[in-house]
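Numbered according to numbering that gives the first Met the number 0, the sequence shown spans residues 0 to 690.
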Amino acid sequence: MEYNAELGLELLRLGTGLPSARFREGQENAIRYIVEGRGRLLVVQKTGWGKSFVYFIATKLLREAGMGPALLISPLLALMRNQIAAAQRMGVRAVTINSDNREVWESVEDRLCRDEVDVLLISPERLANERFRVELLASIAERIALLVIDEAHCISDWGHDFRPHYRLIERISRMLPANLRLLATTATANNRVMDDLQTVLGPDLKVLRGDLHRPSLRLQTMRLPSQAERLAWLAEQVPLLPGHGIIYVLTVRDAVQVADWLKSRGLEVESYTGQTGDRREVLEQALLENRLKALVATTALGMGFDKPDLSFVIHYQTPGSVVAYYQQVGRAGRALDAAYGVLLSGEEETDITDYFIESAFPTKDEVRQVIAALESVARGLSIPELLAAVNLSKGHIEKTIALLSLESPAPVVKQGSKWQLTAASLSDEFWERARRLTELRHGEQQQMQEYVNLDSGHMEFLVHALDGDPATVQHPDLPPLPTTTDAAVVQEAVRFLRRTSLPIEPRRQWPMGGMPQYAIRGRIPVELRAEPGKALCVWGDAGLGDLVRRGKYHDGRFAKGLVEACVALVQEWDPQPAPVWVTAIPSRRHPALVPEFAQRLAARLGLPFHPALERTDDRPEQKAMANRTQQARNVDGSFAVGMQPFPPGAVLLVDDMVDSRWTLTVGAWLLRSHGCGEVWPLAVAFAGYGR
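Okay, structure coming up:
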């Protein structure tokens, strides 16, 4: 069909809300290429260029010509929200089917059948849903006029954000008409990724690639190894920066901690992570409307968030790859002449990115455990049942199952809620792919450390690493930011890190299958539960976390500073009814460590200490248990009540480490079952909080 240039420009102006808007270089050519059906197209353009206008305008023009709807595969729900809003401005009827809107699935399907939908947006994971493929996709496959694959770098094993379910696109495309128009878009594809995309999407894939240079960005790196130094730098510099921005961190724990620190300094900031839940959209809107100075975010605030006037993006730690960093820092300065992109490098970042790299694929032992468990039960196992059967974390089990199910042929398939083995075995190609990708990502990690060491030429480095032309780079007229911090502010940051307090939420339910040795299952009665508790700090973290590690594994005794910090925590916490005595979780491995600490704490609080609980046998350490079902079984039957009767009133129940909360849950249940008053848990450290 012929491209309608007049209508195309009108749609652009409706979508942008700008009566004088003009197409950016390459936009109209891409739309024309798709509308006229010249072939499959990959558009590689920097963030903010307007890739979504290409597929929405193309879709609208195809629909105006009487053709069928578009299917848009997009990786993030946050991205889908922005896309639907943009589509509506152009009169494009866009709907989504995702895990968060089950209540509208039936009406969306009815509208699709009545041809009342222009664009259906789905996540790649939806392609793995058998009902979606068989009942919905198959019914509309012949009518689909355009397949759009947004953030197409996710297809590639070589991409920085590999999403395993994107591998299904190659198979799904076989269901669709051979002459189907296909548009793939991304901002972060180097030559290796583009080669991979041509392998998956077809050798006749045409590539339209723009200039990667971001002339508005003033890039800068600095090494500030300690968390206290970086917190101090943020406290000093963020208030002085014009406008609003994003502060990226590597973990949920860091997002919460950095946001709390900056809020304590009077800054309007909030944390934004994968655990933010329903508040995500509210926080995005608050930043869009400049009601926040910054969001402190993990990569959960990534692809799809668009605020063209962001004036700074700061990284609290170094990301694992150049393409990941380019994608994040490129959110700043899209509609500004100048903006800051600052990377602060810390001593913990390599350990964190190493963890992400090494856990991206299951180990051979993890695969063996999962397959052995499935072999033992002919009817198959659900994920909760696998948690009880193998000593692996839920995340590792889900990742292992997902990757195995996406192989072709697949060694496992899902029947209802159960996973079952097939006759296929896992090929050597799977392990070779895992080895190759792991090796590549370690190389990308090292490349980012080279970037950190630069004194100048940062944008040139990024463009060259992404296989662009560094000769086009120009720099904005912005002075560098200071690289030093005020010693007094650093000390304030140290004190902040040492007064961290984290909530311990009480468990309300025993694990699936209950606790056989205690003969309990189902809900824990309210009168037998622990009360909400507190953990002093995070294990191994800057400040008190290091003291905990040293006390447990080097000194064999917790330092006086930890006692004083717990005294201050209890006084500030002020649980009611107030505890009138103190007891401790006993251990055969470290028999004196926690009781001795609890006795010193009790003395400082002016309360009596009584050893009310005892260990009945030796068990592995809880840290050796990889998931919470296994941790619950490890505690089952391992404690008993020793001293009785108890002093009347509430008790402070002290332990050194808390992770799954099963030890404190069982301890509180035993105490309350034997007539104790309210049980207030207090742990010295939280293990891996927010990872």
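Even glycine gets a Cβ: it sits at the ideal position worked out from N, Cα and C.
Measuring alpha carbon to alpha carbon, tell me which of the options ends up nearest residue i.
{"i": "residue 205", "options": "618, 356, 28 and 343", "result": "28"}
{"i": "residue 203", "options": "37, 436, 529 and 382", "result": "37"}
{"i": "residue 128", "options": "147, 171 and 586", "result": "171"}
{"i": "residue 774", "options": "653, 648 and 517", "result": "A query on residue 774 cannot be resolved here, the shown segment of the chain reaching from 0 to 690 and no further."}
{"i": "residue 504", "options": "364, 663 and 138", "result": "663"}
{"i": "residue 583", "options": "537, 640 and 301", "result": "640"}
{"i": "residue 47", "options": "120, 404 and 215", "result": "215"}
{"i": "residue 293", "options": "341, 5, 684 and 237", "result": "237"}
{"i": "residue 26", "options": "18, 4 and 17", "result": "4"}
{"i": "residue 650", "options": "434, 532, 586 and 371", "result": "532"}
{"i": "residue 143", "options": "150, 566, 120 and 151", "result": "120"}
{"i": "residue 340", "options": "191, 450 and 440", "result": "450"}
{"i": "residue 125", "options": "262, 415, 115 and 72", "result": "72"}
{"i": "residue 610", "options": "133, 578, 602 and 645", "result": "645"}
{"i": "residue 466", "options": "191, 137 and 32", "result": "191"}
Between residue i and residue j, what straight-line distance do the alpha-carbon atoms span, to the nearest angstrom?
{"i": "residue 198", "j": "residue 145", "result": "20 angstroms"}
{"i": "residue 522", "j": "residue 85", "result": "46 angstroms"}
{"i": "residue 14", "j": "residue 20", "result": "10 angstroms"}
{"i": "residue 406", "j": "residue 423", "result": "10 angstroms"}
{"i": "residue 419", "j": "residue 379", "result": "5 angstroms"}
{"i": "residue 213", "j": "residue 470", "result": "13 angstroms"}
{"i": "residue 397", "j": "residue 187", "result": "27 angstroms"}
{"i": "residue 672", "j": "residue 509", "result": "15 angstroms"}
{"i": "residue 22", "j": "residue 304", "result": "21 angstroms"}
{"i": "residue 453", "j": "residue 200", "result": "37 angstroms"}
{"i": "residue 284", "j": "residue 264", "result": "23 angstroms"}
{"i": "residue 534", "j": "residue 319", "result": "30 angstroms"}
{"i": "residue 346", "j": "residue 223", "result": "8 angstroms"}
{"i": "residue 395", "j": "residue 389", "result": "11 angstroms"}
{"i": "residue 670", "j": "residue 373", "result": "39 angstroms"}
{"i": "residue 559", "j": "residue 539", "result": "17 angstroms"}
{"i": "residue 666", "j": "residue 638", "result": "7 angstroms"}
{"i": "residue 478", "j": "residue 427", "result": "53 angstroms"}
{"i": "residue 628", "j": "residue 518", "result": "16 angstroms"}
{"i": "residue 690", "j": "residue 335", "result": "Per-residue confidence for residue 690 stands at a pLDDT of 30, beneath the threshold of 50, marking its modelled position as unreliable; the derived number appears in the next sentence. Using only the alpha carbons, I get a separation of about 35 angstroms."}
{"i": "residue 369", "j": "residue 359", "result": "17 angstroms"}
{"i": "residue 548", "j": "residue 565", "result": "16 angstroms"}
{"i": "residue 460", "j": "residue 545", "result": "36 angstroms"}
{"i": "residue 311", "j": "residue 351", "result": "24 angstroms"}
{"i": "residue 621", "j": "residue 456", "result": "48 angstroms"}
{"i": "residue 356", "j": "residue 68", "result": "39 angstroms"}
{"i": "residue 688", "j": "residue 229", "result": "For residue 688, the predicted model reports a pLDDT of 40, less than 50, meaning its position is unreliable; a value from the coordinates is still stated below. C-alpha separation (whole angstroms): 20 angstroms."}
For the alpha helix (DSSP H) that residue i lies in, which residues bound it at each end?
{"i": "residue 593", "result": "592–604"}
{"i": "residue 331", "result": "Element bounds for residue 331: n/a, residue is neither H nor E."}
{"i": "residue 437", "result": "427–451"}
{"i": "residue 17", "result": "From DSSP, residue 17 is part of no alpha helix (DSSP H); its letter is neither H nor E."}
{"i": "residue 491", "result": "486–496"}
{"i": "residue 463", "result": "457–464"}
{"i": "residue 252", "result": "251–263"}
{"i": "residue 1", "result": "Segment: none, residue 1 is in no alpha helix (DSSP H) and carries neither H nor E."}
{"i": "residue 281", "result": "279–287"}
Just to confirm the assignment, what range does the beta strand (DSSP E) spanning residue i have?
{"i": "residue 685", "result": "678–685"}
{"i": "residue 270", "result": "268–271"}
{"i": "residue 710", "result": "Outside the shown range of the chain, which is 0 to 690, sits residue 710, and nothing can be said about it."}
{"i": "residue 295", "result": "293–296"}
{"i": "residue 34", "result": "Per DSSP, residue 34 belongs to no beta strand (DSSP E); it is in the alpha helix (DSSP H), 26–34."}
{"i": "residue 42", "result": "40–43"}
Quick one: does the C-beta of residue i sit closer than 8 angstroms to a heavy atom of the ligand FAD?
{"i": "residue 492", "result": "Absent from the structure shown: the ligand FAD. Ligands present: none."}
Which partner residues does residue i have in the DSSP bridge list?
{"i": "residue 6", "result": "Note: residue 6 sits in no beta bridge, so no partner."}
{"i": "residue 748", "result": "With the chain covering only 0 through 690, there is no way to say anything about residue 748."}
{"i": "residue 312", "result": "245 and 340"}
{"i": "residue 501", "result": "534"}
{"i": "residue 508", "result": "522"}
{"i": "residue 608", "result": "581"}
Within 9 angstroms (strictly less), CB to CB, does residue i reach chain B?
{"i": "residue 124", "result": "Protein chain content of the structure displayed is limited to a single chain, and chain B is not contained in it."}
Original post:
Where in the region 336–419 do unbroken runs of the beta strand (DSSP E), each at least 3 residues long, occur, reported from the N-terminal end onward?
Top reply: 338–344 and 411–414
Original post:
Could you give the uninterrupted runs of the beta strand (DSSP E) lying entirely in the region 138–226, keeping only those of 3 residues or more?
Top reply: 145–148, 180–185, 205–208 and 216–222
Subject >> Contiguous beta strand (DSSP E) assignments of at least 3 residues, all confined to the region 513–585 >> reply: 532–537 and 580–583
Original post:
Can you list, in chain order, the stretches of the beta strand (DSSP E) that have 3 or more residues and sit fully within the region 611–664?
Top reply: 612–614, 638–640 and 650–657
Original post:
Taking the runs of the beta strand (DSSP E) that are 3 residues or longer, which of them lie wholly in the region 56–120?
Top reply: 69–72 and 93–95
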